[in-house]
Amino acid sequence: MPEKKHEPKPEPGPLRTGARVRVRRPSESAQPGRIIEDYAELTDTDERGHTWAPVHRWAVALDDGRLVFADTDDLTADPGDRPDRP
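Sequential numbering from 81 applies to the sequence shown in this note's numbering.
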(Lines of atoms letter the chains of each structure in order from A and count residues from 1; the text may use other names and numbers.)
(Lines give C-alpha, C1' and ligand atoms only; values in the text may rest on other atoms or scores of the structure.)
Protein backbone atom coordinates (compact mmCIF):
# COMPACT_ATOMS: atom_id res chain seq x y z
CA MET A 1 0.00 0.00 0.00
CA PRO A 2 1.50 3.36 -0.95
CA GLU A 3 2.34 5.60 1.95
CA LYS A 4 0.47 8.88 2.17
CA LYS A 5 2.65 11.93 1.98
CA HIS A 6 1.63 14.72 4.31
CA GLU A 7 2.72 18.19 3.48
CA PRO A 8 2.85 20.52 6.50
CA LYS A 9 0.30 23.28 6.19
CA PRO A 10 2.05 26.63 6.38
CA GLU A 11 0.89 28.52 9.42
CA PRO A 12 -0.54 31.92 8.59
CA GLY A 13 1.09 34.80 10.35
CA PRO A 14 4.26 34.89 12.42
CA LEU A 15 4.33 31.29 13.77
CA ARG A 16 7.27 29.42 12.26
CA THR A 17 10.34 27.51 13.35
CA GLY A 18 12.69 29.99 15.02
CA ALA A 19 9.97 32.47 16.00
CA ARG A 20 9.82 33.91 19.50
CA VAL A 21 6.49 33.14 21.19
CA ARG A 22 4.67 33.09 24.51
CA VAL A 23 3.13 29.76 25.56
CA ARG A 24 -0.09 29.98 27.56
CA ARG A 25 -0.98 27.14 29.92
CA PRO A 26 -4.07 27.10 32.17
CA SER A 27 -1.96 26.38 35.25
CA GLU A 28 0.67 29.13 34.87
CA SER A 29 1.36 32.52 33.37
CA ALA A 30 2.50 32.87 29.75
CA GLN A 31 6.09 31.72 29.31
CA PRO A 32 8.47 33.11 26.64
CA GLY A 33 10.38 30.81 24.32
CA ARG A 34 11.35 29.95 20.75
CA ILE A 35 9.68 27.47 18.38
CA ILE A 36 12.22 24.78 17.54
CA GLU A 37 10.13 22.32 15.52
CA ASP A 38 6.84 22.12 13.61
CA TYR A 39 5.14 18.70 13.70
CA ALA A 40 2.23 19.64 11.42
CA GLU A 41 2.57 16.46 9.37
CA LEU A 42 2.08 14.34 12.50
CA THR A 43 -1.00 16.08 13.88
CA ASP A 44 -3.48 14.08 11.77
CA THR A 45 -4.25 11.27 14.25
CA ASP A 46 -7.20 9.80 12.31
CA GLU A 47 -5.04 7.39 10.37
CA ARG A 48 -2.81 6.65 13.36
CA GLY A 49 -5.70 5.43 15.52
CA HIS A 50 -4.75 7.21 18.71
CA THR A 51 -7.07 10.13 19.31
CA TRP A 52 -6.43 9.59 23.03
CA ALA A 53 -2.90 10.98 22.62
CA PRO A 54 -2.94 13.70 19.96
CA VAL A 55 0.34 15.14 18.76
CA HIS A 56 0.83 18.82 19.52
CA ARG A 57 2.02 20.82 16.54
CA TRP A 58 4.81 22.93 18.00
CA ALA A 59 7.92 22.10 20.07
CA VAL A 60 8.95 25.19 22.04
CA ALA A 61 12.16 25.70 24.01
CA LEU A 62 11.17 27.97 26.88
CA ASP A 63 13.60 30.58 28.14
CA ASP A 64 13.69 28.82 31.54
CA GLY A 65 15.16 25.69 29.88
CA ARG A 66 12.06 23.51 29.58
CA LEU A 67 10.90 21.91 26.33
CA VAL A 68 7.11 21.96 25.87
CA PHE A 69 4.76 20.86 23.12
CA ALA A 70 1.85 23.12 22.27
CA ASP A 71 -0.97 23.68 19.81
CA THR A 72 -1.36 26.84 17.75
CA ASP A 73 -4.10 28.09 20.08
CA ASP A 74 -1.63 27.96 23.01
CA LEU A 75 0.86 30.32 21.34
CA THR A 76 1.08 34.06 20.91
CA ALA A 77 3.76 35.59 18.71
CA ASP A 78 6.26 37.71 20.59
CA PRO A 79 5.63 41.28 19.40
CA GLY A 80 9.36 42.02 19.57
CA ASP A 81 10.24 39.22 17.14
CA ARG A 82 10.93 40.33 13.59
CA PRO A 83 10.61 37.95 10.59
CA ASP A 84 14.07 38.88 9.34
CA ARG A 85 15.73 37.54 12.51
CA PRO A 86 16.62 33.80 12.80
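C-beta atoms are modelled at their ideal positions from N, C-alpha and C, and glycine is treated no differently.
Exposure label - residue i; buried when at least 16 CB within 10 Å
i: E117; result: exposed
i: R137; result: buried
i: L155; result: buried
i: G167; result: Past the edges of the chain, shown from 81 to 166, lies residue 167, and the structure says nothing about it.
i: G113; result: buried
Residues bridged to residue i [DSSP beta-bridge criterion]
i: D168; result: Within the shown structure, residues of the chain are numbered from 81 to 166, placing residue 168 beyond reach of any answer.
i: P159; result: BP columns for P159 are empty, so no partner.
C-beta atoms of residue i and residue j nearer than 9 Å
i: Q111; j: D144; result: yes
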